[in-house]
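Right, one structure below, let's go through it.
2 protein chains.
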Amino acid sequence: MTGRDDTGRRWSIGELARATGTTVRALHHYDGIGLLRAGERTSSGHRRYTEGDLRRLYRIRALRGLGLSLEEIAGVLAGSADDLAAMRDLLTAQLRGLAAQAVRLDQLIERLHGLLDQIDGASMPGPDQFLTTLEMISVFETSFSGEEREQLAQRRAALGPAGVEAARAEWAELVVELLRHVQHGTPTDDPAVRALAGRWDALADRFHPAGADGERTRTAARRMWDENSGELGRSLPWPADQMRALVDYLDRVRAGLDA
Amino acid sequence: MTGRDDTGRRWSIGELARATGTTVRALHHYDGIGLLRAGERTSSGHRRYTEGDLRRLYRIRALRGLGLSLEEIAGVLAGSADDLAAMRDLLTAQLRGLAAQAVRLDQLIERLHGLLDQIDGASMPGPDQFLTTLEMISVFETSFSGEEREQLAQRRAALGPAGVEAARAEWAELVVELLRHVQHGTPTDDPAVRALAGRWDALADRFHPAGADGERTRTAARRMWDENSGELGRSLPWPADQMRALVDYLDRVRAGLDA
DNA sequence: CTTGAACCTGACGTAACGGGAGGTCGTAGC
DNA sequence: GCTACGACCTCCCGTTACGTCAGGTTCAAG
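Just so you know, the protein sequences line up as chains B and G, in that order.
Counting from 1, position 163 in the first sequence corresponds to residue 163 in our numbering; the numbering is continuous, with no gaps.
All you need for our numbering is the position in the second sequence, starting with 1, plus 1000.
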């Protein structure tokens, strides 16, 4: 189509940088990695860019603006010029990647909003309380996989804020009553205790989906408690060792029910 | 509150990594930069982490999960524990930064969608056509500031797709008629030519906001043409040199009007 | 011929680790 | 008591896309 650039304008590296809004250093870098080398050099070694170089640089800049890496750009610009399919594949993949990033970003923003609400809200936690919240976030995230967390979030959303609050209130009541039984040494086959244990498990069921998925989140929750009961207990309004005793007690009650 | 960690469990670096879902290498890194150093060492130099170290690591991981840098985390964890205000400021700033990122991401995704539509759409451009589109994106972006691009986008949106298409059709008609006049050498003070120039400028006005903002985008558009007429001309269905001649001709017509 | 701007080639720094080399420590089994 | 093997130690290089000197050469104007 055009000749082989043996005619037409030439640009020095500084001119090219100004013309395209890049920097001289970036052009040096592109040269170094072989992405865009000047078509010519003067006898003293200064780079002379041709019109073809300019057009290639425009393409590079446009693709970089779409978030592609220099390596990806080099790959797609290396293919023959009519390789529109490769270009489409690359852009499609990029779109998918960016969409995934956008989802994660939105989740992050949502979580930050939640934490800031907790700080600024009426509850106004003390610093210790907030730091404990941070620790629990870690514990939660290392104990549950992303999938499991999502399922729990869905269940919470399905219950609604009011439902979650009601569950929390009922759970607090159960803890108080069960702690009394633990301290009184009520036998684990006592009908009243068995009823309380049943309500406890029914309460937990509200947060776990039915079927195998629920089994997984339930197992993960149990593992979280086993490995971090000290940590988790500290954040509760009852002493950690009493909570551990309570969970052990509940296990014995359930063992009696199974037998 | 608790003693100074002189009692309680100890963790080796591997145990701590497994317990918190990090890697030994990351813990080495945290140690190296002073973010989290083991409370103790064995006589042979092995790190022994205390319960306090564990809790600090939990906080670090939670804050990293919110997208904060290790430097920011170190800063906020260095302050006295009751410095909830600093924490809130940091999280607020982080929220703002992430929100800005989300906006940019959405713009990128939108542009990728547009480009993919252009590839897959009925127009099905040839590879050259698409590469030219890429080059024009660069030209467009280096010529207009972000603000100016936004204003042009708003005007386009206000005109709607049909309005833009109508403008394009009218502009094509004007180009054809003016090119005839250029080739015929019609004098620049000819009333018919002056009428065409008036329609040309009125057409351009549709894309530039009124007032100083419009003046800026108009100036930027002119600069874009001056610096990249070769590039821009290539993407048009008329020869580049004829387009340049046309624009010069228009300038002379306007000069005659002003005088 | 001078001088200041533009250009050249290295080389180091960035963030948050990953991965490997080469050596030491600890303990379980023989 | 010896050996093996896993866990641990301390460097050190590599990653992305350049920014930022440093020290030396070339260009263009006066």
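We put the CB at the ideal spot given by N, CA and C, even for glycine.
Contact with chain B by residue i, beta-carbon distance below 8 Å
i         : result
G/Phe1130 : yes
G/Thr1092 : yes
G/Ile1109 : yes
G/Ala1221 : no
G/Leu1112 : yes
G/Glu1215 : no
G/Glu1040 : no
G/Gln1227 : Position check: residue 1227 of chain G holds Glu in this sequence, whereas Gln was assumed. Taking Cβ atoms only, chain B reaches closer than 8 Å to G/Glu1227, which makes this a yes.
G/Gly1003 : Unreliable positioning characterises G/Gly1003 in this predicted model, as indicated by a pLDDT of 47, which lies under 50. A coordinate reading is not provided.
Chain G contact residues for residue i, given Cβ-Cβ distances below 7 Å
i       : result
B/Gly21 : Thr1142
B/Ala99 : Ile1109
Within chain G, partners of residue i - CB distance below 8 Å
i        : result
B/Asp106 : Ala1102
Proximity test, Cβ basis, 8 Å: residue i and chain G
i        : result
B/Leu134 : yes
B/Gly65  : yes
B/Met224 : no
B/Leu16  : no
B/Pro127 : yes
B/Ala119 : Strictly speaking, residue 119 of chain B in this sequence is Ile, with Ala absent from that position. Chain G, which has a Cβ nearer than 8 Å to the Cβ of B/Ile119, makes this yes.
B/Met243 : no
B/His338 : The structure shown does not extend to residue 338 of chain B, since chain B is modelled only from 1 through 259, so no value can be given for it.
B/Ile13  : no
B/Arg10  : no
Residue i: contacting residues in chain B (beta-carbon distance under 8 Å)
i         : result
G/Leu1116 : Arg88, Leu91, Thr92 and Leu95
G/Pro1239 : Under the 8 Å cutoff, chain B gives no residues; its nearest Cβ is about 13 Å from G/Pro1239.
G/Glu1148 : Per Cβ cutoff of 8 Å: no residues; G/Glu1148 is ~14 Å from chain B at best.
7 Å Cβ cut-off: residues of chain B touching residue i
i         : result
G/Arg1061 : Ser138
Own chain, CB closer than 8 Å to residue i, minus 5 neighbours either side, in chain order
i         : result
G/Leu1250 : Leu1178, Ala1197 and Trp1200
G/Arg1149 : Phe1140 and Glu1141
G/Leu1112 : none
B/Asp190  : His181
B/Asp31   : Arg37, Ala38 and Arg47
G/Ala1166 : none
G/Thr1022 : Leu1016, Leu1057 and Arg1061
B/Asp83   : Val76
G/Ser1229 : Ala1240, Met1243, Arg1244 and Val1247
G/Trp1225 : Leu1232 and Val1247
B/Arg155  : Arg206, Phe207, His208 and Pro209
Cβ shell of residue i (< 7 Å), same chain only, five flanking positions each side left out
i         : result
B/Arg194  : Val253 and Leu257
G/Arg1223 : Ser1143
G/Gln1151 : Pro1209, Asp1213 and Thr1217
G/Ile1067 : Residue identity check: residue 1067 of chain G is Gly in the sequence provided, not Ile. Closer than 7 Å at Cβ, skipping near neighbours: Gln1094 and Leu1098.
G/Gln1242 : Leu1179
Cβ neighbours of residue i in the same chain (closer than 6 Å, five flanking residues each side left out)
i        : result
B/Ile73  : Ile60 and Leu63
B/Phe144 : Ala220
B/Thr2   : Residue placement at B/Thr2 cannot be trusted, given a pLDDT of 48 that sits under 50; the coordinates are not used to answer.
*Assess, as a yes-or-no matter, whether the segment 46-58 of chain B is touched by the segment 15-25 of chain B under the definition of 3 or more beta carbon pairs within less than 8 Å.*
yes
*asked:* Below 8 Å, how does it come out for the segment 203-217 of chain B and the segment 160-178 of chain B: are there three or more Cβ pairs, yes or no?
replied: yes
*Sufficient close CB pairs (3 or more, under 8 Å) joining the segment 1234-1250 of chain G to the segment 1212-1221 of chain G*: no
_Beta carbons nearer than 7 Å to chain B: which residues of the segment 1044-1061 of chain G have them?_
Result list: Arg1055, Tyr1058, Arg1059 and Arg1061.
*Is the number of C-beta pairs between the segment 85-99 of chain B and the segment 1101-1110 of chain G that are closer than 8 Å three or more?*
yes
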